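A quick write-up on the structure given underneath.
Numbering (the working numbering), first residue to last: 4 to 241.
The following block contains the structure:
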């Protein structure tokens, strides 16, 4: 059974074709017409759509095939113990499901590196508990530019080779990159103290930039959200 997973963001559309739990292919599009040309050539039985740009009603007009829309009313394979479930972004929950599904049980920590950096915990009882939200790479660079009188906007495309800045630009770049890296390592250390058997996943658009963090219990899986969405789809069509 083939599943089509569609994740519609503000500027990009990501999709993936799964055969059960196996990722067959993955694509990124800049607009819906281009994506539709590709999707119409695929053979799939079920589809799940996650969207921050269009509502379910909007997409029922635009998409020529049946789909399940990601919303809080769906069944999820893990429990939700978040204190304010109405405010929980479903992308965070999907990422947590993705990490939990890879391991098959908690405790699991998923760190998603996007516009914001999010930390999401599934505990040993397979309950989503929450975690933390922190500024991402670009947000940190923009904050220093916009909230100070003289600091410039810096290029953050590559991690600095040294950790000691020799001018204002390199000091800012090092502060951003190593600030995030050490925050990630510090957060992981705190979670390990409470959950010694925890498995950690790093995902999201900037995940590949931090592949050096990967070791025996820390895994870098950039498309983990797509795996989580596929798991949620399977849970709702079984």
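Note that beta-carbon positions come from the ideal geometry of N, C-alpha and C, so glycine has one too. The structure displayed is predicted, hence computed values, not measured ones.
Asked	Found
Is it buried or exposed, residue 143, if we count other Cβ atoms within 10 angstroms and call 16 or more buried?	buried
Verify whether the separation of the beta carbon atoms of residue 49 and residue 228 is less than 8 angstroms.	no
To the nearest angstrom, report how far apart residue 67 and residue 61 are at their CA atoms.	12 angstroms
Considering Cα atoms alone, identify which of 119, 88, 101 is closest to residue 113.	101
Determine the DSSP secondary structure at residue 32, reduced to helix, strand or coil.	strand
Would you be able to state if there are at least three C-beta pairs under 8 angstroms between the stretch 14–23 and the stretch 32–42?	yes
For a test of the three-state rule: what should DSSP assign to residue 88, helix, strand or coil?	helix
To the nearest angstrom, how far is it from the Cα of residue 205 to the Cα of residue 147?	25 angstroms
CB-CB under 8 angstroms to residue 213, same chain, minus the five flanking residues each way: which ones, in chain order?	116, 183, 184, 187, 205, 223
Take the Cβ of residue 1 as the centre, count every other Cβ of all protein chains shown within 10 Å, and call the residue buried at 16 or more, exposed below.	Lying before the first or after the last residue shown, residue 1 is absent from the chain, which here runs from 4 to 241.
Reducing DSSP to helix, strand and coil, say where residue 218 ends up.	strand
Quick check on DSSP: helix, strand or coil for residue 95?	helix
Across which residues does DSSP place residue 111 in a beta bridge pair?	125, 202
What beta strand (DSSP E) runs, 3 residues minimum, are completely inside the stretch 18–69?	25–32, 49–54
Apart from the five residues on each side of it in sequence, which residues of its chain come closer than 7 angstroms, Cβ to Cβ, to residue 243?	This structure leaves residue 243 out entirely; the chain is present only between 4 and 241.
Just tell me which of 34, 88, 171, 94 has its CA closest to the CA of residue 72.	94
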